[in-house]
Each structure stands twice: as structure tokens, then as C-alpha cells.
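Remarks on the structure that follows.
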């Protein structure tokens, strides 16, 4: 039985972000699994944008067809997605169309699949970032219209449960958002420096522009609100400790 890994991510058009995050995850997975690895993006917009630059990245359907043509009969799917939202669900539906073509397809969960995952990730982030009481921390999440968006609020609850009152997530496209985060800072009359980090696997467009951009960004809005702020443009996938999450998911499937 020929086996392979399929790493599925939303994708990014930023070469540096791709190299520093997704390619590192792919390398770690391939080394841990010892079997061939393929990649796919769920964002057609990103796939098409890269195609116009002459860079070929498969959609999930294209990747599965390639895997099948290479004679793979057992596929281990590792999604990099943070929550089991719209993009994750889209990937699962696409893969289900091909289930009968394989002897087995095993799909790993997203990083925050269940509420219990939030406690574990809150602990991991405190180890990664060494949260210090001298600063306030805002982690920028993506946000989703899907019900799984509740994981962001549950992450904030997990931070509070661990006594990390100076750490909160603010999403770009849903609640809790930056306005909520600023209100929390003002409510506590905090005058500490605010450090911004992406709560995203890849430091792509959202991290570079929505979080750290010069205008109309989290950074700019915090400074306009009177806070001293600094942005760290580094995706979660750039940290070896975070990448271990995906290695553990793969080893569990294997």
C-alpha cells in the first residue's frame, strides 16, 4: 500500500511567508512521516494569483488527482487551518468525493477543533511568546462567519483561566475584534506597551497590512487610541514548537 501526506492550507501569495511557514511545516512532516508529501491550497484566489506569477500550486482536487495518478492508495491529510471553519469544511467535502478511490483517507483535525484545544494552545503560546506582565498582548486572528468562530472567544477565556489577563485575541473579520480589545485595555486603564502578533499560521496579507500596516491597521489604530504599540510579523508556523502540533497529528494518523 503506497502512502502519502497531503498538507492543506488556505495559502498565501507571499513567497517569504510561504518559505518561512508552510514550507517548514511541509519539511517537518515529510521528515517525521518518511513518506512523500504533497501540498494544496483551499483558496482559489491565492492559487490563481500565484498562477499569474508562474507559480503552480494545486487546489485540493488537483492534488488528489495527482496523488492518485502517482499510485497512492492511503492518504494522510494534515490541514494547517486554525479552526474547523468554512475553508476546513470545504476541504473535507472535496476529499469525501474521492474517498472510494483510496483504500483509506485519514483527515486530521484543525488546530482548535474542540474547546479543549484552546487550553492546550494557550499554554503553548505562553511558552512560545514568554508572556510578560510588563506588556499587553493582542493576537490577531482571522475570524469567520462560521459557528466555529467561537474558538476565538474560547481562546480568550482560556487565557483568563491561566491568569493571562494581559493577553487577548482580536479577529479581523469577526468578534472579538480590535475594538473589543481596545475597550478591554481602556477598562483596565492599561498604559503598558502593546505587542501585536498574528494568531495565524502564515504572516501573509492580513499580518503585513491589517495588523502591521502604516494606515488603518491594528498598529495604527492602537497608536491613534493613545497606546504605544509594536507589531511582530511572524506567523505561528515559523515557530518549531507550533509546527510540532502538525507532526503530532500526523503521527497519530500513522
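Residue numbers (the numbering used here): 13 to 266. Just so you know, even glycine gets a beta-carbon here, dropped at the ideal spot from N, CA and C. All of these numbers come straight from a predicted model, not from anything done at the bench.
Candidates the options: closest to residue i by CA position
{"i": "residue 171", "options": "141, 130, 198", "result": "130"}
{"i": "residue 92", "options": "125, 203, 60", "result": "125"}
{"i": "residue 36", "options": "233, 257, 201", "result": "257"}
{"i": "residue 21", "options": "74, 65, 99", "result": "99"}
{"i": "residue 219", "options": "251, 153, 262, 264", "result": "153"}
{"i": "residue 145", "options": "250, 207, 221, 226", "result": "207"}
{"i": "residue 96", "options": "123, 107, 108", "result": "123"}
{"i": "residue 245", "options": "216, 261, 104, 115", "result": "216"}
{"i": "residue 200", "options": "179, 212, 188", "result": "179"}
{"i": "residue 73", "options": "239, 120, 107, 252", "result": "107"}
{"i": "residue 205", "options": "190, 114, 150, 90", "result": "150"}
{"i": "residue 79", "options": "90, 264, 17", "result": "17"}
For residue i: DSSP bridge partner residues
{"i": "residue 100", "result": "According to DSSP, which records beta bridges pairwise, residue 100 is partnered with nothing at all."}
{"i": "residue 205", "result": "147"}
{"i": "residue 119", "result": "89"}
{"i": "residue 71", "result": "53"}
Alpha-carbon spacing of residue i relative to residue j, whole angstroms
{"i": "residue 62", "j": "residue 28", "result": "13 Å"}
{"i": "residue 236", "j": "residue 210", "result": "20 Å"}
{"i": "residue 40", "j": "residue 259", "result": "7 Å"}
{"i": "residue 184", "j": "residue 241", "result": "18 Å"}
{"i": "residue 38", "j": "residue 19", "result": "7 Å"}
{"i": "residue 26", "j": "residue 194", "result": "29 Å"}
{"i": "residue 88", "j": "residue 134", "result": "27 Å"}
{"i": "residue 77", "j": "residue 42", "result": "20 Å"}
{"i": "residue 51", "j": "residue 68", "result": "11 Å"}
{"i": "residue 203", "j": "residue 139", "result": "24 Å"}
{"i": "residue 248", "j": "residue 15", "result": "28 Å"}
{"i": "residue 233", "j": "residue 224", "result": "10 Å"}
{"i": "residue 186", "j": "residue 192", "result": "11 Å"}
{"i": "residue 177", "j": "residue 142", "result": "14 Å"}
{"i": "residue 132", "j": "residue 103", "result": "25 Å"}
{"i": "residue 214", "j": "residue 137", "result": "15 Å"}
{"i": "residue 45", "j": "residue 262", "result": "7 Å"}
{"i": "residue 230", "j": "residue 196", "result": "15 Å"}
{"i": "residue 250", "j": "residue 33", "result": "5 Å"}
{"i": "residue 157", "j": "residue 165", "result": "14 Å"}
{"i": "residue 71", "j": "residue 54", "result": "6 Å"}
{"i": "residue 59", "j": "residue 65", "result": "10 Å"}
{"i": "residue 238", "j": "residue 167", "result": "26 Å"}
{"i": "residue 86", "j": "residue 24", "result": "27 Å"}
{"i": "residue 116", "j": "residue 110", "result": "10 Å"}
{"i": "residue 222", "j": "residue 155", "result": "13 Å"}
Residue i - containing alpha helix (DSSP H), residue span
{"i": "residue 179", "result": "No alpha helix (DSSP H) contains residue 179, which is instead part of the beta strand (DSSP E) from 179 to 183."}
{"i": "residue 152", "result": "Not the alpha helix (DSSP H): residue 152 falls in the beta strand (DSSP E), residues 147 to 153."}
{"i": "residue 49", "result": "Residue 49 -> not in any alpha helix (DSSP H); beta strand (DSSP E) instead, spanning 49 to 53."}
{"i": "residue 91", "result": "From DSSP, residue 91 is part of no alpha helix (DSSP H) but of the beta strand (DSSP E) over 86 to 91."}
{"i": "residue 261", "result": "252 to 265"}
{"i": "residue 128", "result": "127 to 141"}
{"i": "residue 42", "result": "35 to 45"}
{"i": "residue 232", "result": "230 to 236"}
{"i": "residue 192", "result": "190 to 199"}
{"i": "residue 172", "result": "162 to 173"}
Run of the beta strand (DSSP E) containing residue i, from where it starts to where it stops
{"i": "residue 17", "result": "15 to 21"}
{"i": "residue 242", "result": "241 to 243"}
Residue i, buried or exposed, once every other Cβ within 10 Å from all chains shown has been counted against 16
{"i": "residue 148", "result": "buried"}
{"i": "residue 243", "result": "buried"}
{"i": "residue 57", "result": "exposed"}
{"i": "residue 254", "result": "buried"}
{"i": "residue 81", "result": "exposed"}
{"i": "residue 161", "result": "buried"}
{"i": "residue 30", "result": "buried"}
{"i": "residue 252", "result": "exposed"}
{"i": "residue 163", "result": "buried"}
Min CB distance residue i to chain B below 8 Å
{"i": "residue 48", "result": "No chain B is part of this structure, which consists of one protein chain only."}
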